[in-house]
Structure formats: structure tokens, C-alpha cells
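In what follows, a structure is listed as C-alpha cells, so that the remarks can point back to it.
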Amino acid sequence: MYMSSVLILHIPLKYYYNFFVEQKYGFNKSTKLVFFKDKFQIILITTLLLVISFDFLVWLIDLRLFSEYYWISAFAIFGVFGMIITYAIFPVFIKILIGSTVPLQEVDIETYAAIESLYKKCGFNTKKVLMSLRSKRSTHTNAFVMDMFGVKLVVLYDNLLQLAGIDTKADKVKQLQNQGLKEQTDDRSLQTDKKDGRNNELNQSRNEKLVTKDPKLSGIEKIVAVLAHEIGHQKYWHTYKLLVFVLVAVFFLFFIFSLLNKTDFFAVIFGFNGEIGEKFEYNLEFVNLFGIFVAIKSHLSLIMWIINILQRRLENQADQYAVDLGYGQALGNFLISMSKENLSDLNPDPLYI
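Sequential numbering from 1 applies to the sequence shown in full-length UniProt numbering.
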């Protein structure tokens, strides 16, 4: 309930960000219906996942396997359980994230062939190269390559392809876009058309200012350069390295839990043991787990700062992989174009990144 409440309380802030801040600069193209539908799906899945995981963990700790080293066995079993849950749920999150997709070969066969050639060269075999119709929701550009938990695919946002100068208006794309428009009521369609018109004017104006044509670099070259960077993450096992980092951190938290579980530290903080000696019935393991969870949530910014430092090193390594393949110039030029298009900070503070 705690995490669900946090997610629900964040909806007004996210709504303001999407429909006021993002809208102001021409990024938001989502409708209110799509926004609330996505949020509902994420809250529902997250709540179910947390309830199942938390109850299973409390039950596992209560078993006291391996006596005083129960926390080690709990960590190991819960880790395996987490992998299974992630394997089952992860594809659902990905589907929500990328929305409607079209196989890239149905959009631009030349770009698809160039990407396929790159992956053969790098030893990364997948037939799932998809174009996500993210421009229906946002003008932010992105691309990613995935090879984890049974999901092996390449996803390119349609607005990224458009920024590179590649035509994304294939017949199937038009059909999906028209189908999406039919799902809205006439009133919503009129409102959306007006907003889209304003957004398109902003986007066109920004693109004219920001997208510089480099005659030496084709659109396909730019896309291949970005994907060479993304494949670098896979070649260096960056996702799994981050996973190991998280598992080590979780192991440390289980150790802290084993120490706190010998005391009523969190029980006193949460008021289960009153100041004048009255006591309320409670589950010590549940209270301590919840206490640690709240403590982590409170210090999430510090934790993310540490993770960002690690991720920056991994990003530099992936950049170098693309450079070694001969895509340095194309990658550099296109990343600058993407940063300008997304209104990113080109000179962020070193502590921030």
C-alpha cells in the first residue's frame, strides 16, 4: 500500500509535467486517456508485484532456514524468486514503455539491412528490430537494444528516425496511427488535433533550428552509429554488471536486516512499543522490512547518484566501442543533434551526471 500510495500521489506531479511543462516546449503528444491508462497499468502491476514479493519474503524469513544464517538463505531464494518474477513481468513493462510498434523492415528496408549488417558484424543476432510509434505520445527521441530476461530486441523511436532524416510514414504505420485516432471521441480528437497542431509548429520550428544537415553523413549512418553504441552495452555486459551491483547492495541490506531483527528499533519508531510501556501486536520481520524499505526510499537520491557515476563510466565505454567500429564522427554529431532536440543540458555539473 505504501508504494502504491506513493505512485498515486505522484500522478498529479507527472500530469503537470506532461501536460504543462512538456506541452509548453512541444514535447507532449499524449492524450489524457493514454496518460491515465498507462499510469493505471503501472500502478496495478507494481502493487501486485510488491504484495507478492513482500509476503513471500516475510514467509521466507519466518522459516528460519539455516538457523542464524537464515538471512543468507532468504537472500538466495528471494533472488531466484525475483528473477522468475522479473522474467514473467519484464516483457509487460517493456510493452507499456514502447507502446505500438512496427517491424522496421516494413518501414525502411534499407535502414533495416544496414542494422542487420551491423549486428552480424558484432555477433548480435535478432530479427526483432522494431520502430516504436512514440511520436504519438512524445517528441523525445531514443533507441535501445535489449538482450535480457528472455527479451531480445532492438527498438527505435520513430521520432529518432525522423530526426536522422528517414521517412517513417509506411502504410502500416499510417494504419496504426489512424486506428489510434479512431479510439478517441470526436471531442477529444478535436482537442488533440489543436494541440498536435501547436506541437507540430513548435517541433518544426525547433527542427529547422537544431537539425543541421551533414552531407558526409546519411541518416542510416547516424542510426547505425547510435545502435553501435547500444550494442556496446550488450558486448560489455553492462546490464548484468548493474544487476550484480544491485544484488551486492541487496545482500548488504539483508545483512543489516539480520542485525536490526534482533532489536525493536523500527517497532519503537513506528509506535508499536509505546512510550509508557503499552505494546501493540505486530510482526517483527514485517515491521523491520518495511522500515528498511522506507529508509532506502528516503535516501534514493544518494543511491541514484552513486549508480549514475557507474552508469556514466559504462556509457563512455559504449561510446568507445562505437568509435572502435568506425562510427565516432557519426555518433558524436548525432548525439549532439539528439541532445539539442530533447533540450538536454549539454554542460551538466559533474556531480549531477
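By construction, the Cβ of each residue, glycine as well, lies at the ideal position given by its N, Cα and C atoms.
Item: Rounded C-alpha distance that separates Y15 from A267; Value: 36 Å
Item: Cβ shell of S258 (< 6 Å), same chain only, five flanking positions each side left out; Value: W71
Item: Sequence-distant residues of its chain with Cβ nearer than 7 Å to D147 (five each side left out); Value: Q234
Item: Range covered by the alpha helix (DSSP H) that runs through L57; Value: 32 to 63
Item: Contact the stretch 230 to 248 vs the stretch 36 to 48: 3+ CB pairs below 8 Å; Value: no
Item: Unbroken alpha helix (DSSP H) run spanning A143, endpoints; Value: Counting along the chain, A143 falls outside any alpha helix (DSSP H), though it belongs to the beta strand (DSSP E) covering 143 to 148.
Item: Run of the alpha helix (DSSP H) containing S301, from where it starts to where it stops; Value: 300 to 324
Item: C-beta atoms of L133 and G99 nearer than 9 Å; Value: yes
Item: Buried versus exposed call for T192 [16 or more other C-beta atoms within 10 Å across all chains shown]; Value: Because the pLDDT of T192 is 48, which lies under 50, any placement of that residue in the model is unreliable, and the question is left without a value.
Item: Nearest candidate by alpha-carbon position, reference F251, set P12, I52, I292, E221; Value: I292
Item: Residues that T101 bridges to, as DSSP identifies them; Value: S132
Item: N28, buried or exposed, once every other Cβ within 10 Å from all chains shown has been counted against 16; Value: buried
Item: Selection from N159, L33, L7 that minimises the alpha carbon distance to V19; Value: It should be noted that the sequence gives Phe, not Val, for residue 19. Nearest option by C-alpha distance: L33.
Item: Coarse secondary structure for K216, derived from DSSP in three states; Value: Confidence is the limiting factor: at K216 the pLDDT is only 45, short of 50, which leaves the residue's position unreliable, though a coordinate-based value still follows. In this structure, K216 counts as coil in the three-state DSSP scheme.
Item: Same chain, Cβ closer than 7 Å to S339, five either side skipped, listed in chain order; Value: L346
Item: Length of the line joining the Cα atoms of W59 and L289; Value: 12 Å
Item: Neighbour-count burial assignment, G123, 16 or more Cβ in a 10 Å radius; Value: exposed
Item: 6 Å CB neighbourhood of I336 in its chain, flanking five on each side removed; Value: none
Item: Y282 versus F265: straight-line alpha-carbon distance, rounded; Value: 13 Å
Item: Nearest-angstrom beta carbon gap, V107 and M83 [assumed within contact, 8 Å]; Value: 34 Å between Cβ atoms; not a contact.
Item: contact_flag[the stretch 134 to 143, the stretch 109 to 125] where n(CB pairs < 8 Å) is 3 or more; Value: no
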